[in-house]
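What follows is a single structure, written as structure tokens, with notes after it.
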Ligand code: GLU
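Here is the structure:
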């Protein structure tokens with residue numbers, strides 16, 4: 001069997017968004033599952049959309065996400081260069097072959113003429129320059145007239161192929177336009193370059209967005225014109241932000257980088273995006289990259305769009321967070337904790353222990369610990385708890401005793417609090433509630449009353465309790 005070769009062919013137009021990364025992931029999974037090669041090609045022929053630094057982001061993201069490419073601009077390979085702008089001469093040479101065979105032609109029509117025919121009702125280019133004589137063409141070329149090279153599409157008949165996701169796709173040739181293959185600046189269009197490169201790079205499985213599904217028959221006509229073998233195709237439905245619009249770079253929808261910055265783990269992001277368009281068998285949802293390589297299946301690819309659900313990705317992330325060893329967690333959490341000066345004085349290990357079970361993403365650390373910094377002036381109404389029947393008045397009665405036992409029995413705080421309740425006729429829940437509010441000034445904390453006191457240490461805990469008593473008047 002022929003070696004499977006897939007490619008990811010992004011245009012460097014900004015950050016790598018989630019949809020692009022998913023295409024890369026599926027191309028990677030399919031290649032690796034079949035013992036094949038995954039290739040990176042940079043499609044930078046649209047100079048107007050080129051964004052500085054975007055190529056580096058692509059390299060970094062793929063590497064960080066674990067999608068190691070076997071060939072690519074920065075790793076080399078037998079079929080380079082892997083950057084389209086460095087292949088300009090190759091495209092021109094092949095376009096000239098098509099001109100010789102009659103499958104393409106020079107077109108000298110200017111903007112004004114094209115606008116005019118469209119104003120007059122034409123829905124596509126009218127093949128005007130196809131009728132130019134050889135002499136006329138030679139003369140205009142010699143004169144240095146500006147030209148493009150267009151594909152000569154048959155005026156009748158149909159073209160068909162079988163997509164691995166969508167099945168048979170048939171298009172009437174009369175509905176296809178004679179696309180530009182080479183632009184007036186000498187650069188190829190995507191419509192041409194993708195065919196030339198996929199062939200020369202021996203790509204036999206083309207995996208890409210569904211927006212190319214209906215132009216693929218046109219590309220196949222080029223393969224036929226050259227007498228080349230047509231690759232297999234897998235077109236992928238888009239990822240939607242909501243029911244009405246696609247997740248898109250244009251609207252600044254989240255990039256991989258942004259998710260990582262916010263404290264999503266790369267395994268979780270990759271795992272989640274794999275599920276956006278692929279349904280594994282038996283509803284399993286959590287996979288390592290290696291497991292996905294084993295389990296990925298074309299039959300599980302969706303024919304409809306998927307909706308990006310950040311909450312679900314957070315939930316998945318929390319599973320990966322819980323699985324980290326305490327050391328791994330602490331090391332990863334470090335830079336997130338360091339963002340907050342008010343967390344500096346606390347026992348790092350203990351803080352991490354409390355946070356690990358409670359955060360979904362590392363950016364939760366801020367909101368989850370913010371109360372530490374906002375103790376002064378907290379709402380005394382928090383002592384009110386329907387379940388435990390506690391009130392600010394009860395807190396006022398209890399606090400002197402709680403302060404005393406904190407002072408004398410801090411090392412056995414939990415037992416001391418329980419005993420305090422028993423001795424004074426309070427339920428354990430009542431004591432713990434009042435203690436927690438009096439120490440933290442909030443009802444949601446990353447740990448219970450005793451854990452929070454341990455985190456603050458004896459002195460600070462006492463200061464906080466005294467402050468609360470003073471406020472209760
Ligand atoms: N450069 C194209 C894009 O970014 C790639 C399409 C393809 O994979 O063929 O959409």
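Numbering (the numbering used here), first residue to last: 1 to 473. C-beta: ideal position from N, C-alpha, C; glycine also. Remember, predicted model here, so these are calculated numbers, not experimental data.
Problem set entry | residue 314 beta carbon less than 8 Å from that of residue 360 | Contact flag set, yes.
For this session: Take residue 128 as the anchor and find which of 105, 356, 275, 198 has the nearest alpha-carbon.
Result: The residue with the shortest Cα to Cα distance from residue 128 is 105.
Exercise. Is the distance from the Cβ of residue 98 to the Cβ of residue 193 below 8 Å?
Worked result: No; because the gap between Cβ atoms is not below 8 Å, this pair is not in contact.
Exercise. Does the pairing of the region 395-415 with the region 437-451 give three or more beta-carbon distances under 8 Å?
Worked result: As far as the Cβ criterion goes, the region 395-415 touches the region 437-451, which means the pair count is three or higher.
Exercise. Within the chosen definition, does the region 291-301 reach the region 24-42 through at least 3 CB pairs nearer than 8 Å?
Worked result: Touching, yes, given that three or more Cβ pairs across the two stretches are closer than 8 Å.
Problem set entry | residue 370 (DSSP reduced to helix, strand or coil) | Residue 370: helix per DSSP, three-state reduction.
Problem set entry | Straight-line gap, residue 78 to residue 208 (C-alpha atoms, nearest Å) | Each residue's alpha carbon lies about 23 Å from the other.
Exercise. To the nearest angstrom, how far is it from the Cα of residue 391 to the Cα of residue 402?
Worked result: Looking at the two C-alpha atoms, the distance is approximately 16 Å.
Exercise. Smallest Cα separation from residue 172: which of 163, 85, 154, 458?
Worked result: Per the Cα distances, 154.
For this session: Identify which residue in 149, 243, 427 has its Cα closest to the Cα of residue 94.
Result: Of the candidates 149, 243, 427, the residue whose Cα lies closest to the Cα of residue 94 is 149.
Problem set entry | residue 8 versus residue 40 - alpha carbon distance | Counting only the Cα atoms, residue 40 lies some 5 Å from residue 8.
Exercise. Helix, strand or coil: which one does DSSP assign to residue 476?
Worked result: Residue 476 lies beyond the residue range present for the chain, which begins at 1 and ends at 473; the question has no answer from this structure.
For this session: Decide if residue 1 is buried, meaning its Cβ has at least 16 other Cβ atoms within 10 Å, or exposed.
Result: Flag for residue 1 reads exposed.
Problem set entry | Between the CA atoms of residue 81 and residue 202 - distance to the nearest angstrom | Between residue 202 and residue 81, the C-alpha separation is close to 13 Å.
Problem set entry | Unbroken beta strand (DSSP E) run spanning residue 233, endpoints | Boundaries of the beta strand (DSSP E) harbouring residue 233: 232-236, taken from the DSSP string.
Problem set entry | Own chain, CB closer than 6 Å to residue 256, minus 5 neighbours either side, in chain order | Annotation for residue 256: 16, 21, 61 place their beta carbon closer than 6 Å to its own, counting only its chain and skipping 5 residues before and after.
Exercise. Run through DSSP, which three-state label would residue 78 get?
Worked result: Here residue 78 sits in coil by DSSP.
For this session: Please work out which residues of its chain come closer than 6 Å, Cβ to Cβ, to residue 388, disregarding the five sequence neighbours upstream and downstream, and give them in chain order.
Result: Closer than 6 Å at the Cβ level, and outside the excluded window around residue 388, lie 429, 430, 433.
Exercise. What are the boundary residues of the alpha helix (DSSP H) that residue 402 is part of?
Worked result: Taken as a continuous stretch (DSSP letters only), the alpha helix (DSSP H) holding residue 402 covers 392-409.
Problem set entry | Backbone CA spacing between residue 147 and residue 43 [nearest angstrom] | Computed Cα separation, rounded: 22 Å.
Exercise. Using CA coordinates, which residue listed in 174, 163, 221 is at the minimum distance from residue 191?
Worked result: The shortest C-alpha separation from residue 191 is found at 221.
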